[in-house]
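Visitor: So that we are looking at the same thing, I have put the structure below in structure tokens.
Protein chains: 2
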Amino acid sequence: MTRSGTPAESSLLLTDLYQLTMLDSYFRRGMTQPAAFEFFVRALPPSRGFLVAAGLEQVVHHLEALRATPEELRWVADSGRFDDAFLERLAALRFTGDVDAMPEGTVCFPDEPLLRVVAPLPEAQLVETRIVNLLHFETLVASKAARCVLVAGGRRLIDFGLRRAHGAEAGLLAARASWVGGFDGTATVLANLRFDMPVVGTMAHSYVLAHDGEERAFADFARDRPGDVVLLLDTWDTERAAERVVRLAPALAAEGIQIHGVRLDSGDLGEHARRVRRILDDGGLPDVTIFASGNLDEHAVARLVAAGAPIDGFGIGTRLDTSADAPYLDCAYKLQEYAGVPRRKLSEGKATWPGRRQVYRRVGSDGVLAGDAVTLVDDPLPGEPLLRPVLRGGRRVATLPDARAARERTLAQLACLPEGLRRLADPAPYAVEIAPALRHLAAELDARPT
Amino acid sequence: MTRSGTPAESSLLLTDLYQLTMLDSYFRRGMTQPAAFEFFVRALPPSRGFLVAAGLEQVVHHLEALRATPEELRWVADSGRFDDAFLERLAALRFTGDVDAMPEGTVCFPDEPLLRVVAPLPEAQLVETRIVNLLHFETLVASKAARCVLVAGGRRLIDFGLRRAHGAEAGLLAARASWVGGFDGTATVLANLRFDMPVVGTMAHSYVLAHDGEERAFADFARDRPGDVVLLLDTWDTERAAERVVRLAPALAAEGIQIHGVRLDSGDLGEHARRVRRILDDGGLPDVTIFASGNLDEHAVARLVAAGAPIDGFGIGTRLDTSADAPYLDCAYKLQEYAGVPRRKLSEGKATWPGRRQVYRRVGSDGVLAGDAVTLVDDPLPGEPLLRPVLRGGRRVATLPDARAARERTLAQLACLPEGLRRLADPAPYAVEIAPALRHLAAELDARPT
């Protein structure tokens, strides 16, 4: 049986069961003093040199909308796991805390908090699962997208990944995150409706296959959709299709219809692009652009650009939306402080730095990022503090930059990356210093009994 | 700006823009004759020998609920891309077609259609993106889960992956798909509400860290949540924590509270399990189970089981929900026939078999799968036909098995896998024959002009 009800995206029950059982215990014990949790990445996947923070807008929306629906409260009651006192506390629960975070589009590194929540312990605990779920995925995809941007040399990059993204929200958020990472648009219609981002489209093989012949399909599409004429060439034979485009163009032009571009989707894209470019140029169509898609990622784009393939834009799908070479980040949302006392976990390979932290970034006279330092919030250091106030008492203290603004930040920051971080492989290490104040606090806590 | 409105999960606009522009052209041309599309996987990721079909229930729900909301129609109108005639057609659009599919939980292979849609071309075209999005992801995760089941030797397997799944729906559908693949439950609360699947929970490091001392945390949790006493041992020192459990147990027992289990989440899980088992047994707690989590996948489970680690259950998260070693399948939803004429695309490396197809499975006298044959629907072969009628004229022709029933099918089918397909690496090839009738049709089509 499948029930629908509240959309998954905003459900308070989109969480792990242990969050609810721990909440129950916190409520019983009166453990509702302020807790500080921070989200950070422990280590980068091998090929990555930096990340691009993304997902904050969705986190803020989730926190602002946090409340149990009647259906959810009924589930809690019917589960037989919780008593009426818990039900009442859960029904009354809202997010009333503070959030500080790096603005979306900020280049960031391991060990750096991207976001801090300070709220009564039950609130800060309950939202862990969804905060990680959102920040992890959008940061993952924005970071992958930024790698494509670094090698595309200004060519158009479009997200094509919805169908093989991991579900509906993955497709939508990948569209958004790739835009934040510097992409130019997406094929996903709903992303335009939700995020006001550019949406573009071409045609599918099925359109060509459903017609009696390829030339007929091209002509019909151009006449029916004169504003969208990007013709797909590889249903049967790419170069023969390009020749058909050349033959068709004069008749369309006489009707005032311009062919905007063609799309290649299989085979050796660089070789096909060269041949098709020649056919189009020789056929008097130098302004028809060539768009390429099919199993692309940043490495394929880099190779095609380096080889001088005459490709004007790329549709990048599956490998972007799933971040295929690194489909997850080693990240966490950890308790840093409770009731005024800093906290530190020492689990093997997963020890954390304690306390409320801030990141300071130094920039060289040439504008290039010169190194970060992570320290405690009451230990100001030279440089720009990266975490900024977002919510106070559950309310926004400043306008939240949207995806469009985040994209501009990303592009500005990519322009300031050290040369060694622009490489797709073997990135140079970037200096992230753990400041003495933080090291001292950690040592002090380690000396206490547990 | 972010707008919410219709949940992404069921939006008609959760599709690629080209589906809408192609629809516009189909409507203008009266191209509304029956089209047959099939979903299939082209090739398996290197380590995979088989797949487990999943996601059909969500596809059927999507098709049954397909209709444009007023907000969506407003977007279409406001986009400036479509005229009133299109808007009217889109507003009236419902799914009225036929679906045949393998039941969820069916073991399947490349080149085999998992699902066929036969509907007026615009309907069958529009739903492509979401059908692929759902079947791809659930099949991906169910297949990964089944690999874990094959090596777990009956130990409990729980999905822990929501936080690093790719968004809300990925977390929910991964919970469902892992259950279909043979898992025992999930930590994701909403999956219980939506799919009626078992939900389980332990405790987090933050719970321990928020307390004054580990023993205090264990005692509080056990007293507050006597039905859920699984204590997390690795916040500071795993074995010392196990000793605390032993010291605490008698006092709790005197109050009628039983410690059910402990969880290990870092370090050498096999070694910690052995030491903790000894501490618990020596402390008179032989019935306290040991549950392990932390960066697990089927390979880690296989190693721990082979080494005889005394672990009773595994929490598998990130690598399951992202199918980390193979985060996507090379799959497609292709036009097989339009207006009674079979269709075939010949794109390099992506050629398809034409026509409406069926899969016949032969089973040996020992019950073991003995080979499949793919042929045309009007060419019956020996064996069991795997695609069964699901929808006719948009309505269900049979009860749709839910996830629980699908899980039973998976477990029955896993028991019938040939030995060579049970290996995690280098699986033996399984015979999937393309029948002569299908080859002949393909050759006939290739000889026609395009």
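Listed in order, the protein sequences are those of chains A and B. Per my numbering, the very first residue in the first sequence carries number 734; after that it's consecutive. Per my numbering, the very first residue in the second sequence carries number 734; after that it's consecutive. Using N, Cα and C, we set each Cβ at its ideal position, and we do this for glycine too.
1) What residue range does the alpha helix (DSSP H) around Lys-877 (chain A) cover?
2) Using a Cβ-Cβ cut-off of 6 Å (strictly less than) and excluding sequence neighbours within five positions of Val-832 (chain B), which residues of its own chain qualify?
3) So, do the region 1154 to 1169 of chain A and the region 930 to 941 of chain A have three or more beta carbon pairs nearer to each other than 8 Å?
4) What are the complete alpha helix (DSSP H) segments, minimum 4 residues, inside the region 980 to 1044 of chain A?
5) Could you list which residues in chain B have their beta carbon closer than 8 Å to that of Ala-895 (chain A), in chain order?
6) What whole-angstrom Cβ distance do Arg-888 (chain B) and Phe-1047 (chain B) have, given they're in contact under 8 Å?
7) Run through DSSP, which three-state label would Pro-1169 (chain A) get?
8) Against chain A, which members of the region 1002 to 1021 of chain B pass a CB distance test of less than 7 Å?
9) Under 8 Å, CB to CB, which of the residues in the region 904 to 924 of chain A have a partner in chain B?
10) Which chain B residues sit within Cβ distance under 7 Å of Leu-1184 (chain A)?
11) Three-state secondary structure (DSSP) at Ser-737 (chain B)?
12) Any residues in the region 846 to 862 of chain B with a beta carbon nearer than 8 Å to a beta carbon of chain A? Which ones, in chain order?
13) Can you pull out the residues from the region 768 to 795 of chain A whose beta carbon lies closer than 9 Å to at least one beta carbon of chain B?
14) Under 9 Å between C-beta atoms, does Gly-934 (chain A) make it to chain B?
15) Please go through the same chain and pick out, in chain order, the residues whose beta-carbon is closer than 7 Å to the beta-carbon of Leu-942 (chain B), but skip the five residues on each side of it.
16) Does the distance from the CB of Gly-788 (chain A) to the CB of Leu-890 (chain A) come in under 9 Å?
17) Cβ closer than 8 Å: which chain B residues qualify as neighbours of His-938 (chain A)?
18) For Gly-1100 (chain B), collect the residues of the same chain with a Cβ closer than 7 Å to its Cβ; drop the 5 residues on either side in sequence, then sort them by chain order.
19) Would you call Arg-1181 (chain B) buried or exposed, if buried means 16 or more other Cβ atoms sit within 10 Å of its Cβ?
20) So that I know if they touch, is there some Cβ in chain A lying closer than 9 Å to that of Thr-735 (chain B)?
21) Does any heavy atom of the ligand MN sit closer than 8 Å to the C-beta of Thr-1085 (chain A)?
22) Can you tell me whether Ala-1047 (chain A) is helix, strand or coil according to DSSP?
23) Could you tell me whether the Cβ of Trp-709 (chain A) comes closer than 9 Å to any Cβ of chain B?
24) Shortest alpha-carbon distance to Pro-931 (chain A) belongs to which of A:Arg-1172, A:Arg-1137, A:Asp-957 and A:Ala-1168?
25) When DSSP builds the beta bridges, which residues end up paired with Arg-849 (chain A)?
26) According to the neighbour-count rule (16 or more other Cβ atoms, all chains shown, within 10 Å of its Cβ), is Pro-803 (chain B) buried or exposed?
27) Select from B:Lys-877, B:Leu-1068 and B:His-899 the residue whose C-alpha is nearest the C-alpha of Ala-910 (chain B).
28) In this structure, how does DSSP classify Glu-1117 (chain B) when only helix, strand and coil are distinguished?
29) Using the C-alpha atoms, what's the distance from Val-874 (chain B) back to Ser-737 (chain B)?
30) Report yes or no: do the region 948 to 963 of chain A and the region 750 to 763 of chain B share at least 3 C-beta pairs separated by less than 8 Å?
31) Does chain B have any CB closer than 9 Å to the CB of Met-764 (chain A)?
32) Give the residues of chain A in contact with Asp-757 (chain B), contact being defined as C-beta atoms less than 8 Å apart.
33) Is the CB of Arg-761 (chain A) under 9 Å away from at least one CB in chain B?
34) On a CA-only basis, which of A:Thr-829, A:Asp-844, A:Pro-778 and A:Leu-747 is nearest Glu-805 (chain A)? Give me that one, please.
35) For Gly-915 (chain A), I'd like the list of residues in its chain whose CB is within less than 7 Å of its CB, leaving aside the five on either flank, ordered along the chain.
36) Could you spell out where the beta strand (DSSP E) holding Tyr-1071 (chain B) opens and where it closes?
Guide: Reading from the atomic positions:
1) 861 to 885
2) Closer than 6 Å at the Cβ level, and outside the excluded window around Val-832 (chain B), lie Val-850, Val-1123 and Leu-1124.
3) As far as the Cβ criterion goes, the region 1154 to 1169 of chain A does not touch the region 930 to 941 of chain A, which means the pair count is below three.
4) 1002 to 1015 and 1031 to 1039
5) Looking at the sequence provided, one finds Leu at residue 895 (chain A) rather than Ala. Within chain B, the residues near Leu-895 (chain A) are Leu-747, Thr-748, Asp-749, Thr-862 and Asn-866.
6) Approximately 6 Å separates the beta-carbon atoms of Arg-888 (chain B) and Phe-1047 (chain B); this is inside 8 Å, confirming the contact.
7) helix
8) none
9) Gly-904, Leu-905, Leu-906, Ala-907, Ala-920, Thr-921, Val-922 and Leu-923
10) Past the edges of chain A, shown from 734 to 1183, lies residue 1184 (chain A), and the structure says nothing about it.
11) Residue placement at Ser-737 (chain B) is poorly supported in this model, since its pLDDT is 47, which falls under 50; the coordinates still yield a value, given next. Three-state DSSP puts Ser-737 (chain B) in coil, outside helix and strand.
12) Cβ contacts with chain A come from Leu-854, Gln-858, Glu-861 and Thr-862.
13) Ala-768, Phe-770, Glu-790, Gln-791 and His-794
14) yes
15) If we look at Leu-942 (chain B) and ignore the five residues flanking it on each side, its Cβ neighbours are Thr-968.
16) no
17) Lys-1067, Leu-1068, Lys-1078 and Ser-1080
18) Cys-1149
19) exposed
20) Reliability of the predicted coordinates at Thr-735 (chain B) is poor, the pLDDT of 46 falling under 50, and the value obtained from them is presented with this limitation in mind. Closer than 9 Å: yes.
21) Judged by which ligands are present, the structure shown has none, so any question about the ligand MN falls away.
22) It should be pointed out that residue 1047 (chain A) corresponds to Phe in this sequence rather than to Ala. Here Phe-1047 (chain A) sits in strand by DSSP.
23) A question about residue 709 (chain A) goes unanswered here, because the residues of chain A that appear run from 734 up to 1183.
24) A:Arg-1137
25) A:Glu-771 and A:Asp-833
26) exposed
27) B:Lys-877
28) strand
29) Note that Ser-737 (chain B) scores a pLDDT of 47, beneath 50, so its modelled location is shaky; the value from the coordinates is reported in the next line. Their backbone Cα atoms lie some 28 Å apart in a straight line.
30) yes
31) Yes, its Cβ sits closer than 9 Å to a Cβ of chain B.
32) Neighbours of Asp-757 (chain B) on chain A, chain order: Asp-957 and Arg-958.
33) Cβ-Cβ to chain B under 9 Å: yes for Arg-761 (chain A).
34) A:Leu-747
35) Ala-878, Ala-879, Val-882, Arg-1140, Thr-1143, Leu-1144 and Leu-1147
36) 1063 to 1071
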